[in-house]
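For the sequence shown, the working numbering assigns the number 578 to the initial residue and increments by one for each residue that follows.
The C-beta atom is built at its ideal place from N, Cα and C for all residues, glycine as well.
Reading through the structure tokens given below for one structure.
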Amino acid sequence: MDSEEYSDSDSSYSDISSKSGEDISLDDARDWCRLDKDNLGPPHPRFQFTGNPGIKVQIYNSTPLEYFGIFFDDEIVSYIANETNRFANDFIENNELTPSSRSQNWKDTDSSEIRVFLAILILQGINQKPLQKWPDGIAHHGAQPGMAATGSGNSQPRRLP
Numbered sequence: 578m579d580s581e582e583y584s585d586s587d588s589s590y591s592d593i594s595s596k597s598g599e600d601i602s603l604d605d606a607r608d609w610c611r612l613d614k615d616n617l618g619p620p621h622p623r624f625q626f627t628g629n630p631g632i633k634v635q636i637y638n639s640t641p642l643e644y645f646g647i648f649f650d651d652e653i654v655s656y657i658a659n660e661t662n663r664f665a666n667d668f669i670e671n672n673e674l675t676p677s678s679r680s681q682n683w684k685d686t687d688s689s690e691i692r693v694f695l696a697i698l699i700l701q702g703i704n705q706k707p708l709q710k711w712p713d714g715i716a717h718h719g720a721q722p723g724m725a726a727t728g729s730g731n732s733q734p735r736r737l738p
């Protein structure tokens with residue numbers, strides 16, 4: 578977005594030039610502010626890396642599930658579940674929902690449901706099915722064995738002719 582799109586009275590942006598160097602904290606980095614592109618100032622200092630580089634987990638003779646667990650540990654999956662619930666609750670509170678809206682039936686999710694959802698996404702990418710022509714004229718992906726048990730039960734399965 579161009580800075581010309583915003584007026585000087587736009588209250589969602591603060592003017593960082595009014596603060597002295599001593600008054601600026603890390604919290605200020607989270608606030609949007611106007612910048613004078615002709616006078617940006619010096620670049621941020623580069624910090625010397627003092628860590629010990631390299632992978633810190635044992636990966637030899639590991640299963641694919643253990644590799645997955647390296648990137649999606651309990652903490653990140655719980656975070657995804659909490660943020661999903663927060664987003665859903667904000668959406669429900671801030672929108673006028675019709676009585677027939679599926680959002681009316683929202684139930685908070687948990688880490689185990691997020692893990693099942695991620696597994697389904699991965700399975701869809703690995704086990705691709707050919708498109709099949711159905712009597713309704715719509716091309717559908719082939720049925721995935723065992724997938725019916727993971728659904729919410731709200732949809733009716735389609736049968737091949």
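So is residue i in contact with chain C if we call contact Cβ pairs under 7 Å?
{"i": "Ser688", "result": "Any reference to chain C falls outside this structure, which holds one protein chain only."}
I'd like the list of long-range same chain contacts for residue i, defined as Cβ closer than 7 Å, with 5 residues on each side in sequence excluded.
{"i": "Ile647", "result": "Val634"}
{"i": "Ile699", "result": "none"}
What does a CB cutoff of less than 8 Å around residue i pick up in its chain, not counting 5 residues either side in sequence?
{"i": "Tyr644", "result": "Ile636"}
Can you tell me the Cβ-Cβ gap for residue i and residue j, rounded? I've got them flagged as a contact below 8 Å.
{"i": "Ser678", "j": "Phe668", "result": "In fact, because the Cβ distance is near 10 Å, the residues do not count as touching under 8 Å."}
How big is the Cα-Cα spacing for residue i and residue j?
{"i": "Glu582", "j": "Lys614", "result": "In this predicted model, Glu582 has a pLDDT of only 48, less than 50, meaning its place in the structure is not dependable enough to derive any value."}
{"i": "Thr675", "j": "Asn682", "result": "12 Å"}
{"i": "Ile697", "j": "Asn671", "result": "30 Å"}
{"i": "Ile703", "j": "Asn638", "result": "22 Å"}
{"i": "Arg663", "j": "Val654", "result": "14 Å"}
{"i": "Gly631", "j": "Pro622", "result": "24 Å"}
Going by beta carbon distance, what residues of the same chain come within less than 6 Å of residue i, once the five residues before and after it are set aside?
{"i": "Asp685", "result": "Asn662"}
- Message: Check whether the stretch 645 to 662 and the stretch 679 to 690 touch, using three or more Cβ-Cβ pairs below 8 Å as the test.
- Response: yes
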